[in-house]
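Numbering-wise, the numbering used here comes out as the position in the sequence shown, counting from 1, plus 8.
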Amino acid sequence: MMASNSKRFLAYVIDILLIGIIIAVISKPLVDNKKIILLNQQLNEVNETILNSDMKFTQNFKNYAQIVKQIDLENVLVNIFTIIMILIYFVFVPYYNNGQTLGSKILKTKIVTRDGSPLTITKLMVRNFILNGLLYLAICLAFLYLFSGIIYFIMISILSFIQLGLAITSVFMILYRKDKRGLQDILSETKIMEISGE
């Protein structure tokens, strides 16, 4: 039987809380907090300048984009660690654990392929491109080193809207489709099933 929306949601909340705590604890020493605070103060100053119209928009935008890029450069190790954690927890754990993460194990659900074939790393990767923004994170990381401040800022802004659109689309698909399959389920040819008797 297909897993209910509430079970899917609760399992995902458990997983996100768990992985979020792990990422927060382990990545704390990877970030120079003083530098991040300084950059955020600079960002606030640029915002104030924009609001007060003290300088040309183009110069403000350039400064804003450059500071955003600097903040992202400071967080590179955290982003790399986040990508690694998503791969480990949402790809390899279900692959080696019968389609289950801790959240899905607690709520007695699991990921299965639509046709009953064995779950593959590729299918789990495709799920996480949309579900957890794995592809978005990887592309943003690459763009950080490929583009200058303004182009980088524009590109990641566009990517952010695309990722948000994919996530919203997937939520509506899960809520309103009869088979309760989201975009990540359809593209990866998987579904979330309830486990009975375990």
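Where is the CB? At the ideal position from N, CA and C, for every residue including glycine.
No experiment lies behind these values; they were computed from the predicted model shown.
Ignore the nearest five residues each way along the sequence and tell me which others in residue i's own chain have a CB closer than 6 angstroms to its CB.
| i | result |
| --- | --- |
| L141 | Per the sequence presented here, residue 141 reads as Gly, with Leu not at that position. Around G141: Q171. |
| L85 | L38 |
| L115 | K15, L18 and A19 |
| F161 | A73 and V76 |
| L152 | D80 |
Give me the Cα-Cα distance between residue i and residue j, rounded to the nearest whole angstrom.
| i | j | result |
| --- | --- | --- |
| N13 | L183 | 7 angstroms |
| Y144 | Q67 | 28 angstroms |
| I96 | E53 | 39 angstroms |
| G111 | Q192 | 18 angstroms |
| G190 | F180 | 8 angstroms |
| F100 | Q108 | 10 angstroms |
| A175 | F137 | 10 angstroms |
| L167 | I147 | 9 angstroms |
| S178 | L132 | 16 angstroms |
| I31 | T57 | 34 angstroms |
| T117 | Q50 | 46 angstroms |
| I29 | P126 | 31 angstroms |
| D23 | S165 | 27 angstroms |
| L227 | V134 | It is not possible to answer for residue 227, since the shown part of the chain is limited to 9 through 206. |
What residues in its chain sit with their C-beta under 8 angstroms from that of residue i, if we drop five residues either side in the sequence?
| i | result |
| --- | --- |
| I129 | V99, F100 and Y103 |
| N105 | K113 |
For residue i and residue j, which I take to be in contact (beta-carbon distance under 8 angstroms), what is that distance rounded to the nearest angstrom?
| i | j | result |
| --- | --- | --- |
| M10 | I203 | In fact, because the Cβ distance is near 12 angstroms, the residues do not count as touching under 8 angstroms. |
| L149 | N87 | 6 angstroms |
Hey, would you say the C-beta of residue i is under 8 angstroms away from at least one heavy atom of the ligand FAD?
| i | result |
| --- | --- |
| T109 | Questions concerning the ligand FAD fall outside what the structure shown contains, since it holds no ligand whatsoever. |
Short of 7 angstroms in beta carbon distance, which residues of its chain neighbour residue i, apart from the five on each side in sequence? Order them along the chain.
| i | result |
| --- | --- |
| I94 | N136, N140 and L142 |
Cβ contact check for the stretch 118-126 and the stretch 39-55: 3 or more pairs under 8 angstroms = no
Mind the definition here: the stretch 149-159 touches the stretch 67-83 only if three or more C-beta pairs lie below 8 angstroms; say whether that holds.
-> yes
Quick one: which unbroken alpha helix (DSSP H) runs of 4-plus residues sit fully inside the stretch 121-181? Chain order, please.
-> 129-139 and 142-154
Enumerate, from N- to C-terminal direction, the unbroken beta strand (DSSP E) stretches of 3 or more residues contained entirely within the stretch 34-59.
-> none
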